[in-house]
Every structure is written in C-alpha cells, then in structure tokens.
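Enquirer: Residue numbers are given in UniProt numbering: position 59 of the sequence shown equals residue 59, and the series is strictly consecutive. For every residue, glycine included, the Cβ atom is placed at its ideal position computed from N, Cα and C.
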Amino acid sequence: MDGGTAALMSIGDFSRYSGLSVRMLRHYAERGVLVPVERDDQSGYRRYSPVQLSEAARVRMLRDAGCGIPAIAELLPLFAHPDALRSRLQDHLDDLAEQARRVADQRDLATHLLDALELRTRGPEVTERVFPALRVLYLRRTVADYPAEGSLWADFQGPYATLSADDPAVFGDVVGATYFDDEYRDADVEMAIWREYRGGAVPRGGFEVVDLPAQRVATVTHRGGFETIGDATAAAGAWLSAQRRTRTGPIFNVYAYGPGRDPDPSTWVTEVNVPIAG
C-alpha cells in the first residue's frame, strides 16, 4: 500500500469521525454525494480522504436542516458560491415555513377531532330562515384555492379604508363571501367577497355594487378557525338530504365575527348558508 493510500480512511473510521453511519455513507455514495476517493472493485472496500470530513459536516448539517439527498447534492457545490447558496437556503427556509403551517393546521384538526370525541359533541345545528335582501360592495374573481380568499380581502382593504374615511357610516356590519363552483375545487375557485354598502361610489379594480336578493337558506353556525368549517358544510348537506330539500343557488358565508375583528380563531363565528326553495 503506497503512502497516498495509507493516508486514506476506512469507511468505519470515516463514519466515526464524520458522524454519519456506514449505511448512510453507502447510500450517499450511491446517489453521488460523498463519493469515496477509492473503492476496491474486488473487496468493495471504500476509502475516504480526511479532506472529505469538512464536506461530510456540511452534508450532516443540510440533512439535519431538513434537506433531502437531491437538495444536498444541489447545495454542496454552492458552498463555493455564498451568494447563490444564501438564495437557495432562503428558498429552503420558505419551504420549511410552509411545511410548518401545514403541520400546524393538521395539529389543529387532530385537536378538534380529539375534543369532539372526548366531549361527544353533537353535529352542528341547522336552522331554516330568510336571509334579507342586502346591497353590497362586491369583488368577484377566480383565485388559486379557498385559502386565497384572504388575497381578495387584502384587495378590499384599500377601498374600504378610503370610503369609510370619507363617511364612516357607508359600510354596514354584514360581511360575507359567495362560492360559485357547484363542486369543491382544489384549484381555480370562483368566489366573491362583499360587505353591506350604503354608498354610491364604485372603486376601480373589478368592484361592483350588487343588490343581493332576499332568499330562504339553511344556516349552520360554525365557531372557530376555518380549517374545520367543513363540518358546517357537511351538516348542511346532510340536513338538505334528510329534508329532501334542494339547493337553489351558490353557498355563501357570513362572517359574524371574524379575522377583521380578532386574530384569535377561537373567537370567530361564521354562518354557512345554503339557499333553498321556499
């Protein structure tokens, strides 16, 4: 064995000093990450250079930061290009934040299910009523998905602030959203948001003043965050089926007490309304 070979480390020694298991070192090598500098074709023995320990430390940090092997393979060469690495790591941080949001939503749903089981709560109550005619300032668009309703409300804020500054009484308290698709959609959702309006000015940007007609509805009151509002919709659907009633128009929500008044979802009250024949 020559001097160059003698300076190399066995896979066991490299594992001990790198903090990566032999199994993972083999897996990384198969995927083109941390490839040993020497491999004996007959014995299969792998040998690593001590210089590779610094690269192994980067692999371990990226792994522990939530990067999969494809991302590790992409990011390792970027350590020589800090600006590019910084940008790519920021993208990864953004992805982690989105994953954390999804996990938080899943945790809230699991908590809701557990509470329902422990409290043996009955399903939401459905009431039949006439929703009164209403004149509203109205913004209708197709958005990415249901949570993207928030982007419509963000667009609503500017005109609301301007018009209410001129006349604080121009808006009423009834706030809602209407959903026009006949079926639930994972993407490209057509909806309108609206607020009771007594003014005559019509802001630019797709706004309209619309007279919503009086209509008979089946109403379910939902309390809490929007991640569990499907319970209310399901209760309304079950009621319509049991009563042999037919939906006659798009479902709409009325936000009796919502995010605009309190950021705490536990305080929110939403009325889910399904138009039905009189």
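Ordered along the chain, which non-local residues of its own chain (more than five positions away) have a Cβ less than 8 Å from that of R198?
Expert: The answer, listed in chain order, is R135, A169, V170, F171, G172.
Enquirer: Going by Cα to Cα distance, which pick from E125, T127, Y179, A161 is closest to E149?
Expert: When each option's Cα is compared against that of E149, the closest is Y179.
Enquirer: Could you give the uninterrupted runs of the alpha helix (DSSP H) lying entirely in the region 25-68, keeping only those of 4 residues or more?
Expert: Fully enclosed alpha helix (DSSP H) runs of 4 or longer: 52-64.
Enquirer: Which residues does DSSP pair with S10 in a beta bridge?
Expert: DSSP, once it has assigned bridges, lists R47 as partnering S10.
Enquirer: Comparing C-alpha positions only, which one of R107, C67, D155, R102 sits nearest to Q90?
Expert: Comparing Cα-Cα distances from Q90 to each of R107, C67, D155, R102, the minimum goes to C67.
Enquirer: Skipping 5 residues on each side, what residues in its chain have a beta carbon closer than 6 Å to that of G249?
Expert: Excluding residues within five positions, the ones whose Cβ falls inside 6 Å are P275.
Enquirer: Tell me, please, which residues DSSP counts as bridged to A177.
Expert: BP columns for A177 point to I193, N253.
Enquirer: Would you check if there are 3 or more beta carbon pairs closer than 8 Å linking the region 205-220 to the region 128-144?
Expert: A contact exists between the region 205-220 and the region 128-144.
Enquirer: Can you tell me where the alpha helix (DSSP H) with F131 in it begins and where it stops?
Expert: No alpha helix (DSSP H) contains F131, which is instead part of the beta strand (DSSP E) from 126-131.
Enquirer: In terms of alpha-carbon separation, which member of M61, S54, T219, M24 lies closest to W239?
Expert: The option with the nearest alpha carbon to W239 is T219.
Enquirer: Below 6 Å CB to CB, which residues in the same chain sit around F226 once its five sequence neighbours on both sides are set aside?
Expert: Counting only Cβ-Cβ distances below 6 Å, and skipping sequence neighbours, we find nothing.
Enquirer: Tell me the rounded alpha-carbon separation between T162 and A201.
Expert: The straight-line gap from Cα to Cα measures roughly 11 Å.
Enquirer: Out of V217, R195, R223, which one is the CA nearest neighbour of R245?
Expert: Residue V217 is the option with its Cα nearest to R245.
Enquirer: Can you name the start and end residues of the alpha helix (DSSP H) that Y160 belongs to?
Expert: Taken as a continuous stretch (DSSP letters only), the alpha helix (DSSP H) holding Y160 covers 149-166.
Enquirer: Within the 9 Å Cβ cut-off, does L62 reach chain B?
Expert: Among the protein chains of the structure shown there is no chain B, as only one such chain exists.
Enquirer: Under 9 Å, do T221 and V272 count as touching if we go by C-beta distance?
Expert: Yes, these two residues count as a Cβ contact at 9 Å.
Enquirer: I need the straight-line Cα distance from D105 to P263, nearest angstrom please.
Expert: Each residue's Cα considered, the two are about 16 Å apart.
Enquirer: Looking at the strands, I want to know which residues DSSP matches up with I276.
Expert: According to DSSP, I276 bridges with R247.
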